[in-house]
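Student:
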DNA sequence: TCCTTAGTTCAAAAGTTATTGAACAATTGT
DNA sequence: ACAATTGTTCAATAACTTTTGAACTAAGGA
C-alpha cells in the first residue's frame, strides 16, 4: 500500500511556498532536515499539534511534494524530497531550511524535553 | 507621507513564504525582479487583477517585508527589498525568483501585449 | 482472540484570505 | 476651479484553511 505523491515535475512552486508558509509545517520540515537519514514517523511530531491535526499537515506536505511518506506496518515513515525539490527549484529548500533553523519563533519539536531535563 | 514597512529584523519567514505562495503575488515579484532598477507603479500590474485586488496584494507584499512602496505624487513606486531579504534569509529570494522565472503556470504581466502584437 | 499502537477519515466549527464594487482621497494637468 | 489619474478604504461575500472530537481501519503483540 502506497500513498499518492505528485511526480517531481508536477510539484508547483506557489503550492510549495504556501505549504511551507505555515509555522507548524515549517517546524516539521526543519525537524526532518535536522534528522535527515533517520526515518521519522508521525508521532515524533506530537509536540506540534494533535494527532488529527498532524495528519492534516503531513498530508499537505506530501501532496505538495515536499515530503515522501512510506507506509511500513502501522507507521508512516516521512522523509524530505530533497533531490526532487532541488532538481526542480535549485537552492530553495536549502535556503528555507537554513532560515528556519535560525527562526526562534517557530514551534520546536522536543520542546517538552527541556522541562523534563530541568 | 510614507507607508508602514516592517524593519528588516521583523520580517517573518513563514509570513514571507505564505505571501509568496500566491500565484498573483509571485507573478508580481517575478515582474519586479525582471525590471529591477526601473520604478514600477501599481498600474503596471493591472494584467494580474483589478485595481482593488492589486492594492490588496501589494499591501500584503509590503507588510510582509517583500517589497518597499514609496509614495511619489499619486503613484506608489514599488521595489523588491532585495538587500533586507538577502541579509535575513540568504539565497531565498534568488531561488524563488529563479524558480518563478521558469514557471509557465504563473500569470504573466504584459500578457495582453502578445495579442496586441499578433 | 483481544488489546494496544499508529494513523486516517469525517463532519462541524472557527478562522482567514481573496475578490468585488462603490465611494473616497490626493495629486496633477488644463 | 475642474477633470483626470492613481490608488485606498470599506463592507459584503465567497472561498479556502485550520482545528477539533468521535468514529474508524489496520497491523502487531500478549
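Residue numbers (the numbering used here), protein chains in the order written: chain L, 1 to 118; chain P, 1 to 118.
We put the beta carbon where it would ideally sit given N, CA and C, even for glycine.
Would you call the region 17-34 of chain P and the region 65-78 of chain L in contact, with 3 or more CB pairs under 8 Å?
Tutor: Touching, no, given that fewer than three Cβ pairs across the two stretches are closer than 8 Å.
Student: Give the single residue among P/110, P/71 and P/34 whose Cα lies nearest to the Cα of residue 97 of chain P.
Tutor: Residue P/34 is the option with its Cα nearest to residue 97 of chain P.
Student: Can you list, in chain order, the residues of the region 2-13 of chain P whose Cβ is nearer than 8 Å to any Cβ on chain L?
Tutor: Listed by position, the residues of the region 2-13 of chain P near chain L (Cβ gap below 8 Å) are 12 and 13.
Student: In the DSSP assignment, find the unbroken beta strand (DSSP E) run with residue 77 of chain L in it and report its ends.
Tutor: Unbroken beta strand (DSSP E) run through residue 77 of chain L: 75-80.
Student: Would the region 4-16 of chain P and the region 44-61 of chain L be scored as touching if the rule is three or more Cβ pairs under 8 Å?
Tutor: With the cut-off at 8 Å, the region 4-16 of chain P and the region 44-61 of chain L do not touch.
Student: Can a CB atom of chain L be found closer than 7 Å to the CB of residue 20 of chain P?
Tutor: Yes, residue 20 of chain P counts as interfacial toward chain L.
Student: My guess is that residue 42 of chain P and residue 50 of chain P are in contact by the Cβ rule of under 8 Å, so how many angstroms apart are they, rounded?
Tutor: Rounded, the Cβ-Cβ distance is 11 Å, inconsistent with contact.
Student: Please classify residue 52 of chain P: does DSSP put it in a helix, a strand, or coil?
Tutor: Of the three classes helix, strand and coil, the one that applies to residue 52 of chain P here is helix, per DSSP.
Student: Using a 10 Å radius around the Cβ and a threshold of 16 neighbouring Cβ atoms, would you call residue 109 of chain P buried or exposed?
Tutor: Buried is the call here.
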